[in-house]
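Mapping of the sequence shown onto numbering that gives the first Met the number 0: position 45 corresponds to residue 44, and the numbering continues sequentially without gaps. First up is the structure itself, then whatever we jot down about it.
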Amino acid sequence: MPDRQRQLLVVANRLPIRAVTEHGETRYETSPGGLVSALGPVMSARPGSTWVGWAGAPGDAPAPFELDGVHLVPVALDPSDVEDYYEGFSNSTLWPLYHDAISPADYHRHWWDRYVVVNQRFAHAVVDRAEIDATVWVHDYQLQLVPGMLREMRPDLRIGFFLHIPFPAREIFMRLPWRRQVAKGLLGADLVGFQTRTTLHNFRHSVPRVCDATTHGSVITYGSRDVATVRHPIGIDFDRFSDGASAPAAAERAETLLENLGSPTTVLLGVDRLDYTKGIDRRLRAYHELLQERRLDPETTTLVQIAEPSRSNVNRYNEIRVTVEQLVGEINGDFGTMDKPAVVYLHQSQPFDELIALYRLADVMVVTPFRDGMNLVAKEYVAARVDNRGVLVLSEFAGAAHQLRQAVLVNPYDIDGVKGAIEAAATMPPAEQSSRMRPMRRLVRRTSAQQWATSFLAELERT
Ligand code: GDG
């Protein structure tokens, strides 16, 4: 069958939709996000494209429906699935473990059992809808068993898997009591993709050893099959951010925001899901010390921190929220005035237009995760700097640091280093800002989300 006629199925924990309730009636609309902007154009161009995922609310799943030319198949998760598969095994075992165990991972056998059951449910939803020889692209750590399950039930399928988060070093992966089952699950794919060379290397050095596979360069031979592995860093929809930032409305809104902030001369910005991997606390401590040491002037500097609510039923997320909010209180208590806050902190998701205005406004974007698969915020900031100004301070431990080499790179564990980087960024001459920003913009434009999706699929269908 010629490749262009293969049916494409995408499997991800979440469907790219959000529920809107009006006059007591619920309807769904597309929820803009990284994956949907990458995959939307490819999927709409292929008849029969199907996206399998959870609609986001516990309980019965809505019936399958069409949206923007894509067939959406909701998978039901009941409250105990959400607790054990999603909040438990995915976000309290795998998430911390895969992020270098910077927070201890919890291991519970009933979480694992539910992870298996829910992965099976996703796999069955695919099998029921996949035509012969279809291409299936499975996403991320919540669904690592799905490739193996599909392989067993439907050897005709072409199966790809992409891990959006890091894959840990061998010593860390080996702690997982179910490492062999996870490894076997992943090796059910024909092609497994990672964000960086480091995480690809970690995978090649851990997984074959736990399930008697052999590695030859980028290929892992498992039983009678070859599994290709590849570094394939995700991009963003460059035009959406660049065009959005070029619009007069964005400039106007940025100006209004600046006035509302008390017209500081230097605005620092952080935009993150409120997650302990993102290093928000470290950033705030560095900023506090810089103000205390008068290396930043509290009268002319403001930090805006957007912390999008995330996983609030998981304990550690509440702990990081308390830590962050205490730090914000301390900084404003010490350095805020009636006319001007030292930190503006919002634990609320901002609309896209507001985000764009903030990117335009920020002299320094501070991205300091302890570990991050890629970090799209760093790329979005670059895309939005249509004026070639602004400075990106970026953690060496974000996947984006492998590509955005002209950022001011920092080790987030080194608080003096972070302070030095923020200070250097805040005082960087405009000519140096542009000479760093230009090549980063070229790279982000060239390696867009759409390009990422089409080239991964092309490689998968060639494999
Ligand atoms: C995982 C990996 C990898 C945030 N606050 C608001 C808002 N956002 C948007 C950003 C960005 C996205 O959320 C966050 O993406 P990141 O890549 O920064 O981080 P994760 O959510 O952890 O994503 C990561 C990614 O998967 C893709 O492979 O890069 O490493 O951890 O797009 O803009 N958007 C709006 N308002 C907000 O307040 N509108």
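A virtual CB, placed ideally from N, CA and C, is assigned to each residue, including glycine.
Not one heavy atom of the ligand GDG sits closer than 6 angstroms to the Cβ of residue 259. Judged by DSSP secondary structure, residue 118 falls within the alpha helix (DSSP H) whose first and last residues are 108 to 128. Pairing residue 44 with residue 284, the inter-Cα distance amounts to about 48 angstroms. Judged by DSSP secondary structure, residue 409 falls within the beta strand (DSSP E) whose first and last residues are 407 to 409. With a 10 Å radius around the Cβ and a threshold of 16 neighbouring Cβ atoms, residue 49 comes out buried.
Residue burial is scored here from C-beta neighbours: residue 255 has fewer than 16 other C-beta atoms within 10 angstroms and is therefore classed as exposed. Placement of the Cβ of residue 12 at a distance of 6 angstroms or more from every heavy atom of the ligand GDG is found. Rounded to whole angstroms, the gap between the alpha carbons of residue 271 and residue 391 is 14 angstroms. Using a C-beta cut-off of 8 angstroms, the region 372 to 384 makes contact with the region 395 to 411, since at least three inter-stretch Cβ pairs fall below that distance.
In chain order, 395, 416 place their CB closer than 6 angstroms to the CB of residue 410, counting only its own chain and leaving out the 5 sequence neighbours on each side. Taking the C-beta atoms as reference points, residue 158 is found no nearer than 7 angstroms to residue 112. Per DSSP, the continuous alpha helix (DSSP H) segment holding residue 452 begins and ends at 448 to 461.
Remark: the C-beta of residue 279 is outside contact range of the ligand GDG, defined as less than 6 angstroms to any heavy atom. Three or more Cβ pairs closer than 8 angstroms define a contact, and the region 356 to 367 falls short of that threshold against the region 169 to 189. By alpha-carbon distance to residue 96, the top candidate from 326, 28, 52, 175 is 175.
By the Cβ test, the region 231 to 246 is in contact with the region 440 to 457, since at least three Cβ pairs between them sit closer than 8 angstroms. Taking 6 angstroms as the cut-off, one finds no heavy atom of the ligand GDG near enough to the beta carbon of residue 238. Contact holds between the region 198 to 210 and the region 165 to 174, because three or more Cβ pairs, one in each stretch, are under 8 angstroms apart. DSSP, read as helix, strand or coil, puts residue 16 in strand. Exclusion of the five residues before and after residue 361 leaves 266, 267, 268, 303, 380, 389 as the residues of its chain whose Cβ lies within less than 8 angstroms of its Cβ.
Closest option to residue 167, judged by alpha-carbon separation, among 70, 78, 195, 300: 195.
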